[in-house]
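Structure first, then comments.
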Amino acid sequence: MPKGRKKQEKLDIAGSILQFMTTLLFFGSLILSQQISIFHPYITAGITASIILGIIFVYVEKKKNEPLLDVKIFKSIKFSANLGCALTSFICIASSSILIPFYLQNALGLSPFCAGFFMMLPPLILAVCSPVFGGISDKRNPEKVIFVGLLILSLGFFLMSQLTETSSVIFFAVFVSTMAAGQAIFQPANNALIMSTCPKSKLGIVGSVNSLVRNLGQTVGITLSTTLLYSFMGNKAGYKVTDYIAGRDDVFIYGMRHVYLILVAICLIGACLTGGRLLLKAVGRQNLE
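All the letters of the sequence shown, read from the start, carry residue numbers 88 to 376 under the working numbering.
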């Protein structure tokens, strides 16, 4: 083994405290908003404070010689755009994942065993298809693969929004498989683009940022999904809702449909941005010719 070289680095205490407080206030406010209104003064103040602390965190990190997060990597527009696409995809997938068990067990009345069986479909499809489409993205233009993946993911969310309490489980299996296929197409290509748009000296920090974005997206997705779900359910029921209402499957279906339609809009925004980049590149090549 080569002799290791010790490098004395200072702990970024200020950055650590700011990041902790930003995360605590933001997620704490979102979680509490499920019990009270998201427009409650305390919730609004908490979210506003988290945004202000986040801005201060970025400013402090720019001044540090050994920052907790090297914000210089975000100067690359392509890197930031691909990271943003990854964040939105993780938010959407997590938002969907938290809704599925409620739909299968409460709305359709399936047993935990049957519900778990159908919930195995997405990870199985990802395990089989992700390596295949990862290889395709290496040989083709990865941005085109990302564009197709986002479109299929949007289609999957739209199909999921059409489910009702009387829908067949076969339709559910087809719809959730479509959603998983879009994810399997999108993620390998997007991960490859993220890692390829940074210098080799920054691969370590970029990998950790990518993992942070994945965990952040999953946490935001679950919190945002339940917040929106209970909000829409409350609008339908006419009173505040914080759980599944027994005997009112229509209320849950109403909330679930609107959450999925919001996810469709989010994915389509990402698809439009990716499509716009492809179009600009095509126009640029034509001008050069």
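Cβ coordinates follow ideal geometry from the N, Cα and C atoms, glycine included. Source: prediction; values computed, not measured.
Taking the C-beta atoms as reference points, residue 105 is found no nearer than 7 Å to residue 133.
The alpha carbon of residue 278 has as its nearest neighbour, out of 260, 242, 224, 265, the alpha carbon of 224. The shortest C-alpha to C-alpha distance from residue 256 to any of 98, 184, 129, 192 is the one to 192.
Fewer than three beta-carbon pairs drawn from the segment 250-265 and the segment 359-368 are found closer than 8 Å, and the two stretches are therefore not classed as touching. If you look at residue 157, you'll find it isn't in any alpha helix (DSSP H); DSSP assigns it neither H nor E. Taking residue 328 as the centre and dropping the five residues before and after it, the same chain places the C-beta of 317, 320, 321 closer than 6 Å to its C-beta, in chain order. An exposed status is given to residue 333, since fewer than 16 other beta-carbon atoms sit within 10 Å of its beta-carbon. Beyond the five residues adjoining it in sequence on each side, residue 331 comes within less than 7 Å, by CB distance, of 189, 193, 339 in the same chain, given in chain order. For residue 301, the enclosing alpha helix (DSSP H) has its first and last residue at 290-324. In this structure the segment 335-350 does not touch the segment 144-158; the number of beta carbon pairs closer than 8 Å is below three.
For residue 235, the closest alpha carbon among the candidates 245, 249, 220 is that of 220.
Counting only the Cα atoms, residue 201 lies some 38 Å from residue 280. Between residue 168 and residue 213 the beta-carbon gap is near 23 Å, outside 8 Å, which marks them as no contact. By the Cβ criterion, the segment 239-246 is in contact with the segment 341-360, since at least three pairs of Cβ atoms, one from each stretch, lie closer than 8 Å.
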